[in-house]
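Asker: One structure, pasted below without further comment.
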Amino acid sequence: MKKREDLIWPLALSIVLIGFLLIPTWWLWNGCMPRMMSMLGTDIG
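Mapping of the sequence shown onto our numbering: position 5 corresponds to residue 73, and the numbering continues sequentially without gaps.
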């Protein structure tokens, strides 16, 4: 059996990594998608 301390670090590192990957994609999604939609002339919402 592993200790809890051995599981905390990989979990924390994976959360940080996922955060670093998700934040730029979220920025791109919110920054580029409305512009593309307005260029295409489609209204969503």
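Glycine included, each C-beta is placed from N, C-alpha and C at the ideal position.
1. Taking DSSP as the reference, what is the three-state secondary structure of L109?
2. Given this structure, state the Cα-to-Cα distance separating L75 from W95, to the nearest angstrom.
3. Would the C-beta of M105 count as close to the ligand GDP, meaning under 7 Å from any of its heavy atoms?
Answerer: The short version:
1. According to the sequence shown, residue 109 is Gly rather than Leu. Note: G109 maps to coil in three-state DSSP.
2. 31 Å
3. Looking at this structure, you won't find the ligand GDP or any other ligand, since it has none at all.
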